[in-house]
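Working notes, structure below.
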Amino acid sequence: MSSANDSSPVSSSARRKQLLQKTQGLDNDKNSLSDSSENNLRSRSKAHPIFKTSSNASSSSSSPLKSTKLFSQLLSDQEFGDNHVWVLSSDLKPQQQVQNQLFQMGKLMERNGNVVNVELLNISDPKKKIAQVPVMGVMFMNPPGMSKLEDLTQLTHVNEPCILHHLKSRLEDNRNPLVFTDCGGFASIISNSVNNLRDGKISQKLPNQVFSKLNSTGENQSIILLGDSNSGKSTTVKLLLDSFGELTNSKIVSKASDALKIIELFSSSSTEQSKYSSRVSKKIGLQFTNSSLTGAHFECFNLEMSRAVVRVMEKISEKEGIPVEETDYKSGFINNFQVFYQMLADEKLKTKFKLTQLLNKELEQKTSFSSAVEKLFLNVGFTETNIGDVTKILCALLHLNNCDFVENESNTSAMTKLSENSFASFYRATRLLGVDDKELLFTMIKPTVAVGDSFVDTFVNAKQASHYRDLMVMTLYNGLFEWIVKNINDMLKNPECNREISLIDIGTGFESIATGVDAQRGVKYNGLEQLLVNYANERFKELIHDKLFNQEQEIYKSENIDWKPIDFSPFNSKSILLSTIEDTNDGVFTIIKKETNSMYKGSDEGAIIQELTKMFSGKSEQVSKLFKPNLVDMEFSLGHFNGKVTYKVIDWFQQAVYPISSIPQQSKEFLAKNSKNTIVQTVYSELLQGSNSVEFASDIYVKNVELLLKHISSTKYTYPVICIRNSSAGSSLAFNDKLVQKQVRNYGILEMIKLARKGYSSKFTFEKFVERFSSLVSSSKLGKDAKQNTLTILEEHKLQEKSDYKIGNSLLFLKGSQEAMLSALLK
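Under my numbering, the sequence shown has 418 at position 419, and the numbering climbs by one with no breaks.
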């Protein structure tokens, strides 16, 4: 390499010219977005002569066209002209509208004042082909040849119909959909068609970009995945992990990938939106030493442990050996974690541990616990003994969930007893946990609670006993999950490495369950869990928008580069709803906690809605319109960034208290000291070391969200990946225009593209830039001044300060396309 430096640049001028041509136009001013996010014809009135004077141009003849075809299938590049446009379907007559399409394709004919005549391309009936639409509702198209471009900043026109059509075009090949789309290096878009990829691979562009930045700057990087529920976040994390393994040829990725599968099995659940919905937030740290992936570690936050108490298997009458008729039991809309359903697909386990049949046949699994899960544990490094202890705990939890309590009318020593059909399940659970059955039962029906400095036995009714059973199930499952994650980290983490790329999956995406009542399954509604989940989504979205739209421009300003500030309202503003939810004086969470504390004074849950109504009515009109109470139905609605969500206040007093802080001291001591299962001992011994004070679920949730946000803020380079849901669950539509449009708007994708086209995604200190690219010029041209050497390299490769880069006080700001070109020359 040194000899090359002494004579000429490594790459020939011809290759440099070819690379420049390949990326030219990406960042040119002529491609910049108009100030209007709609990018309509008024702001581009010079683009076509029809907007100067009226025209008598006649329409060209068209053959009948199928409405289902994409634009690229209707016209070739040769047939395309600058008079091809998108029109709003709502501006057309009903007989001209194509079902499920927000925008339709047309060809400009003539203008009459504030309206234009457009020939509709996907209408075959000659009587319906000509439409008269408002000028403001017409937007220019991109040439068909652009329909598969990976980078949205390369499009000539950027508007909603262009973006929707582009994403749809990239997914038209069902066998190999192009699920990854770039926004000029600032952000990426992933379609949830990623769940259906046959080859299990995505574009290497993002992993390459992040890995390259780690090597060139030495700074830790973060990739954060945002998106609605069932938008493909978890699948994308798996594929990104595999991509980094392929990029670095690392052996540890195989173990990290299996570890992630274990975590997903223990933290994913089936919902109406998704068969495999992640119910935990997680951060995967990929550790690098000298460009090699040498370690990995996992952090998990806010596991939705309430799912662990959902009954999974049938109750069997021990006398008759047949399923018990449970007239008061509803299967519910909430399902347990994936791992339990795999256990009930394992005939050997069912026989060995006396497990019964799956209660909900729709959730039957094809792979069994023994064939799939045990293999994953062994691959990561767990022992057979570890796996045996884990299996026993899971089976014990299945049996505990099948235990019911009834009022005890014949014995004064306790108000409650086990139901007759629960004896066998309870006995099996105690054998698996390695504890005495009578003593464990007393922790539920006669719990010892703290009163001042002393402890007293209490008498509880059947409902309260069931609650103590649930607390035990939740704390044990959560503890088991944490034990698994800790042991994974002990086996995979490199303690000597501090350079890493973090993959951050916020877990459950924004969630809004359609409310209703089902005779078989009960009431379907959004509860406190959904409020916490949606709060977290609001926080993560706000942080990413702040980093993109505010902090990015602040760097430009502080470095004194030539930059005209862009107003990205409302995406660069603080969320009014978040401030109202978090307010420690009279915020939503504060009121819920306050009323929960008041329940001991006879307060009922309706007080939550009443107090929220008072609080919101005292706020400004802008704030108060975000809230709508419905005390009759015990509901209230909040206006989130992703739309209005109605929450039903049922059992919120119970759910508001963090389960781990609610389990009686007696239960913790008994299980820690008496269980013969080492994992159970460990879980409850650690709980004994914690605080005995009551904690609230919202406080724990907020604290964990803050930890993740703090980590994201601490990494200099953060890459948002917006996961887009193409269609609703159960829908026959492969691509739902309205659904995708809503997400494009809510996550500010048009604004991200605007920033990418105007801004500079690559930033280097002069020293780092020279260190990386000095081989591209003769060493004789380089001196001792890093800033001057930077300019020498840029000028050598014909980069222009006006369009390609800016020189700041201490940093070089470079267009992403130009960094890609220079990086390609290095190869």
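Glycine included, each C-beta is placed from N, C-alpha and C at the ideal position.
In the three-state scheme derived from DSSP, where H, G and I count as helix and E and B as strand, ALA696 is classed as helix. Distances from the CA of LEU362 to each of VAL311, LEU393, LEU259 and THR447 were compared; the closest alpha carbon is that of VAL311.
Residue state for ARG110 is assigned as strand, using DSSP reduced to three classes. Shown here, ASN596 sits in a helix according to DSSP, grouped into three states.
In the DSSP assignment, TYR683 forms no beta bridge with any residue. DSSP places TYR426 within a helical segment (H, G or I) once states are collapsed to three. The three-state reading of DSSP puts ILE283 in strand, counting E and B together. Ranked by Cα distance from ASN725, the options ASP150, SER168 and GLY136 are led by SER168. If the five residues before and after THR234 are omitted, its C-beta is found closer than 6 Å to the C-beta atoms of VAL193 and ASN194, all from its own chain and listed in chain order. Taking all protein chains shown into account, GLY244 has 16 or more neighbouring C-beta atoms within 10 Å of its C-beta and is therefore buried. If you ignore the 5 residues before and after TRP562, its C-beta comes within less than 6 Å of the C-beta of TYR555, all in its own chain and listed in chain order. In the three-state DSSP reduction, HIS164 falls in the helix class (H, G or I). Between VAL720 and LEU163, the CB-CB gap reaches or exceeds 8 Å.
Taking the CA atoms as reference points, SER276 sits about 30 Å from LYS351. The beta carbon of GLU406 lies closer than 7 Å to those of MET414, THR415, ASN460 and ALA461 in the same chain, with the five residues before and after it left out. The continuous beta strand (DSSP E) containing TRP85 extends over residues 83 to 87.
Here LEU793 has TYR804 as same chain residues with Cβ atoms under 7 Å from its own Cβ, once five neighbours each way along the sequence are excluded.
Boundaries cannot be given for GLN688, as no beta strand (DSSP E) includes it and DSSP labels it neither H nor E. Each residue's CA atom was taken as its position, placing VAL622 and PHE635 some 14 Å apart. Of the candidates THR791, LYS757 and ALA755, the residue whose Cα lies closest to the Cα of PHE772 is THR791. Short of 6 Å from the beta carbon of ASN401, and not among the five residues preceding or following it, lie these beta carbons of its own chain, in chain order: LYS314 and SER424.
At a Cβ-Cβ threshold of 8 Å, ILE392 and LEU470 do not count as neighbours.
Under the DSSP definition of a beta bridge, ILE806 partners with LEU811. ASN335 counts as buried, since no fewer than 16 other beta carbons sit within 10 angstroms of its beta carbon.
Secondary structure remark: continuous beta strand (DSSP E) runs of at least 3 residues inside the segment 601 to 637, in chain order: 626 to 629. Under the criterion of beta carbons closer than 8 Å, SER249 and SER291 qualify as touching, at roughly 6 Å. In this structure PRO160 touches TRP85 by the C-beta definition: roughly 4 Å separates them, less than 8 Å. Sixteen is the threshold: since fewer than 16 other Cβ atoms of the shown chains lie within 10 Å of the Cβ of GLY217, the residue is exposed. With contacts defined by Cβ atoms closer than 8 Å, MET614 and ASP585 form a contacting pair. DSSP lists no beta-bridge partner residue for HIS796. With a contact defined as Cβ atoms closer than 8 Å, GLN552 and ILE565 qualify at about 7 Å. By the CB criterion at 8 Å, GLY136 and LEU87 fall inside the cutoff. Taking a cut-off of 8 Å on C-beta distances, the segment 533 to 542 does not touch the segment 651 to 665, as fewer than three cross pairs fall below it.
By the Cβ rule, the segment 589 to 604 does not count as touching the segment 662 to 670, because fewer than three pairs are nearer than 8 Å. Bounds of the alpha helix (DSSP H) holding SER661 are 658 to 661. In the structure shown, ASP124 adopts coil according to DSSP, grouped into three states.
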